[in-house]
Amino acid sequence: MARGWTVQELIDQRMVLHAYCHNHRCHHNQRLDLAVLKARLGPDAPAMADDLIPKLRCAQCGGKDVGLIYSPDTTPTRDLRSPHRRTKDA
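Just so we're aligned: 1078 in our numbering is position 66 of the sequence shown, and the numbers increase by one with no gaps anywhere.
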């Protein structure tokens, strides 16, 4: 059986973690800072939903009924333009 992700593995794999409040009057959502999680929990802390959700609370309403969504970070890390592209100066 797979052991699941650690906080450091989420960082290494360029994952994004969003927390969502399930309170029908709140619906607050927030991107979690993985560097802060790493500092608080340690790099080898388990990062699966069952491990993290009990430690989370909505920053807006204070509720404990939260969920997590894991997704890859699709933000470009470098200039993706072609080096063969002609510029206006050429």
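Ideal Cβ positions, reconstructed from N, Cα and C, are used throughout, including at glycine.
Our contact map puts residue i next to residue j with C-beta atoms below 8 Å; I'd like the distance itself, whole angstroms only.
i	j	result
Q1020	D1063	That belief does not hold up - the Cβ atoms of Q1020 and D1063 are roughly 14 Å apart, past 8 Å.
Excluding sequence positions up to five away, which residues of its chain have a Cβ less than 6 Å from the Cβ of residue i?
i	result
V1028	S1083 and D1085
I1023	L1046
Between which residues of its own chain and residue i is the CB-CB distance below 8 Å, once the five residues before and five after are set aside?
i	result
G1079	A1031, Y1032, H1034, A1061 and I1065
R1069	G1075, K1076 and V1078
Is there a C-beta anywhere in chain C that falls below 7 Å from the one on residue i?
i	result
G1075	The question asks about chain C, but that chain is absent: this structure has only one protein chain.
If you compare alpha carbons, which of the options is closest to residue i?
i	options	result
H1040	P1088, C1073 and T1089	C1073
C1038	T1087, A1071 and P1088	A1071
T1018	I1081, P1088, L1053 and L1044	L1053
R1015	K1067, P1088 and P1058	P1058
L1044	T1087, I1081 and Q1025	I1081
Sequence ranges, alpha helix (DSSP H) only - wholly within the stretch 1031-1077, length at least 4: Fully enclosed alpha helix (DSSP H) runs of 4 or longer: 1046-1053 and 1061-1064.
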